[in-house]
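Note that the protein sequences, when read in sequence, are chains A and B. So that you can map any letter, position 172 of the first sequence is 171 in numbering that gives the first Met the number 0, and since no number is skipped, the others follow by simple counting. So that you can map any letter, position 20 of the second sequence is 19 in numbering that gives the first Met the number 0, and since no number is skipped, the others follow by simple counting. A short write-up of the structure that comes next.
Number of protein chains: 2
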Amino acid sequence: MNIDNFPSKLLENAVTEFAKLPGIGKKTSLRLVLYLLKKEQEDVHRFSDAITRLKDEVKHCLLCHNISDTDVCNICSNNARDKGVVCVVENIRDVMSIENTQQYRGVYHVLGGIISPMDGIGPSDLEIESLLKRVAEGGIREVIFALSTTMEGDSTNFYLFKKLKNSNIRITTLARGVSVGDELEFTDELTLGRSIINRLLYEQILS
Amino acid sequence: MNIDNFPSKLLENAVTEFAKLPGIGKKTSLRLVLYLLKKEQEDVHRFSDAITRLKDEVKHCLLCHNISDTDVCNICSNNARDKGVVCVVENIRDVMSIENTQQYRGVYHVLGGIISPMDGIGPSDLEIESLLKRVAEGGIREVIFALSTTMEGDSTNFYLFKKLKNSNIRITTLARGVSVGDELEFTDELTLGRSIINRLLYEQILS
């Protein structure tokens with residue numbers, strides 16, 4: 000079915016907005032919007048408020064740049080976590096993936112992406128300076144690279160390695176139990192948990 | 000990946016709300032919410048405003064009960080449409096499907112569902128009384144049943160037929176080019192267009 004001839008401009012607007020989301024076509028969008036239209040007004044407001052409040056009120060942790068409801072996130076402010084070990088990840092989902100393994104007691108540093116010249120993303124677009132600053136301030140014994148094992152992830156690892164290798168800290172990376180070419184978020188928890196326990200010196204995988 | 004351990008309550012709320020939509024799991028929900036979080040604040044507000052405005056401001060046409068931005072919808076208020084022919088459909092999407100065929104010049108009556116004892120939906124939950132009232136007021140020469148060719152659709156057709164058969168109007172139904180057991184909205188436009196041109200007297204398919 001083609002979707003034109005909307006009986007209502009309000010309906011058309013809502014469908015157009017939903018269809019901007021990734022993986023949501025016009026038809027799915029119409030289905031979702033009509034579903035919402037059948038719900039109670041209160042439920043619809045709860046839905047849209049949750050989205051706008053997230054955008055308006057969420058913060059990024061001043062230390063690790065993970066999203067957070069407070070200035071410093073739950074992980075960075077947890078005294079049981081080892082502040083001397085920093086796991087470098089691409090995004091928020093990767094933090095959630097590693098937290099779910101319950102194998103890691105250090106803290107994180109969220110880059111907000113990886114170096115990807117094809118997409119015009121260079122080192123200055125990522126939270127790399129702030130990582131180097133954290134390391135330079137001292138107290139960090141080890142940095143773990145936990146980026147996707149793609150070409151972009153490897154390039155980013157290598158860039159960080161060059162910047163950090165004279166810092167007198169251990170530089171490790173996830174054990175290559177993670178299949179090469181896979182996105183981190185699709186790795187099963189068992190493999191991911193093992194690979195953070197059996198992490199390797201970064202130099203070991205350079206050969 | 001399991002999704003617990005949200006780094007932010009605001010994020011968790013937004014993901015929970017999105018995951019209430021049909022066909023959207025927790026993981027897809029997280030992907031959509033993080034996509035929105037990366038957009039400009041203005042874009043996110045446009046998204047949530049479109050949803051709430053639809054819910055708060057949309058109307059149902061006083062005549063045909065299709066959704067509308069005005070008291071009487073564009074179709075019912077269009078002088079080029081034949082008010083003597085009323086096509087009875089289950090929902091808004093069915094109106095859009097038939098409008099897309101560009102084969103129909105009459106008006107509609109949106110029941111808002113079909114009779115389905117399994118789901119606890121009886122005649123009084125649907126816009127049936129208002130249909131009988133429209134017919135009783137006169138001026139209608141023909142009522143076309145365009146419900147899904149499922150058991151529930153057939154039951155609803157038969158219920159309406161019993162109520163309307165003494166009204167001295169033509170009662171027709173879509174030509175059975177529509178495959179039996181199919182939902183109307185998934186029927187291709189060509190078949191649907193032909194089936195409304197070649198509509199049959201309802202009595203012809205009762206045998």
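Where a beta carbon is used, it is the ideal one built from N, C-alpha and C, also for glycine.
- In this structure, the alpha-carbon of GLY137/B lies about 25 Å from that of ILE91/B.
- Think of a sphere of 9 Å around the beta carbon of PRO6/B: the chain A residues whose beta carbon falls inside it are CYS60, ASN65, ILE66, SER67, ASP68, CYS72, ASN73, ILE74, ILE91, VAL94, MET95, GLU98, in chain order.
- ALA13/B sits close to VAL32/B, with the two beta carbons spaced by under 8 Å.
- By the criterion of a C-beta distance shorter than 6 Å, PHE144/B is surrounded in its chain by VAL87, ASN156, THR172, once the five residues flanking it on both sides are discounted.
- Boundaries of the alpha helix (DSSP H) harbouring GLU188/A: 188 to 196, taken from the DSSP string.
- When DSSP states are grouped into helix, strand and coil, GLY83/B belongs to the strand group.
- VAL14/B sits in a helix when the DSSP states are folded into three classes.
- Within chain B, no C-beta atom comes nearer than 9 Å to that of ALA18/A; the closest sits roughly 11 Å away.
- DSSP places LYS38/A in the coil class of the three-state scheme, outside both helix and strand.
- Boundaries of the beta strand (DSSP E) harbouring ARG169/B: 169 to 172, taken from the DSSP string.
- By the Cβ criterion, the stretch 128 to 135 of chain B is in contact with the stretch 152 to 168 of chain B, since at least three pairs of Cβ atoms, one from each stretch, lie closer than 8 Å.
- Between ALA49/A and chain B, the shortest Cβ-Cβ separation is below 8 Å.
- Short of 8 Å from the beta carbon of GLU126/B, and not among the five residues preceding or following it, lie these beta carbons of its own chain, in chain order: HIS64, HIS108, VAL109, LEU110, GLY111.
- Excluding the 5 residues flanking it on each side, ILE168/A has same chain C-beta neighbours closer than 8 Å at VAL134, ILE139, ARG140, GLU141, VAL142, in chain order.
- For GLU56/A, at least one C-beta of chain B is nearer than 8 Å to its own C-beta.
- The beta carbon of VAL106/A sits no closer than 8 Å to any beta carbon of chain B.
- By the C-beta density criterion, ARG104/B is exposed, having fewer than 16 other C-beta atoms within 10 angstroms.
- In the structure shown, HIS59/B adopts extended strand secondary structure according to DSSP, grouped into three states.
- Going by beta carbons, LEU146/B and GLU89/B fall inside the 8 Å limit.
- Bridge pairing for GLU141/B: VAL84/B, ARG169/B [DSSP].
- Selection LYS19/A, ALA174/A, GLY192/A evaluated against GLU202/A yields ALA174/A as nearest (Cα-Cα).
- DSSP links ILE66/B through a beta bridge to HIS59/B.
- ASN12/B belongs to the set of residues whose beta carbon lies under 8 Å from a beta carbon in chain A.
- Of the candidates LYS38/A, GLN102/A, ASN165/A, the residue whose Cα lies closest to the Cα of GLY192/A is GLN102/A.
- Scanning chain A for C-beta atoms nearer than 8 Å to the C-beta of ARG45/B yields GLU16, reported in chain order.
- Inter-residue distance for ARG30/A and ASN73/A is about 38 Å (C-alpha atoms, whole angstroms).
- Taking a Cβ-Cβ cut-off of 9 Å, LEU125/B has no neighbours in chain A, whose nearest Cβ is about 14 Å from it.
- If you draw a 10 Å sphere on the C-beta of LEU189/B, you find fewer than 16 other C-beta atoms in it, and that means exposed.
- Take the alpha-carbon of GLU151/B and the one of THR149/A: they are about 52 Å apart.
- Assignment of beta-bridge partners to VAL106/B by DSSP yields VAL85/B.
- ASN4/B is the residue among PRO122/B, VAL43/B, ASN4/B whose C-alpha sits nearest the C-alpha of LYS25/B.
- Using a Cβ-Cβ cut-off of 8 Å, TYR103/A is close to nothing in chain B; its nearest Cβ partner there is about 12 Å away.
- With distances taken between CA atoms, VAL94/B lies nearest to ILE66/B out of VAL84/B, LEU61/B, MET117/B, ILE66/B.
- Secondary structure of ILE114/B (DSSP, three-state): coil.
- The criterion of a C-beta distance shorter than 8 Å is satisfied by THR51/A and SER47/B.
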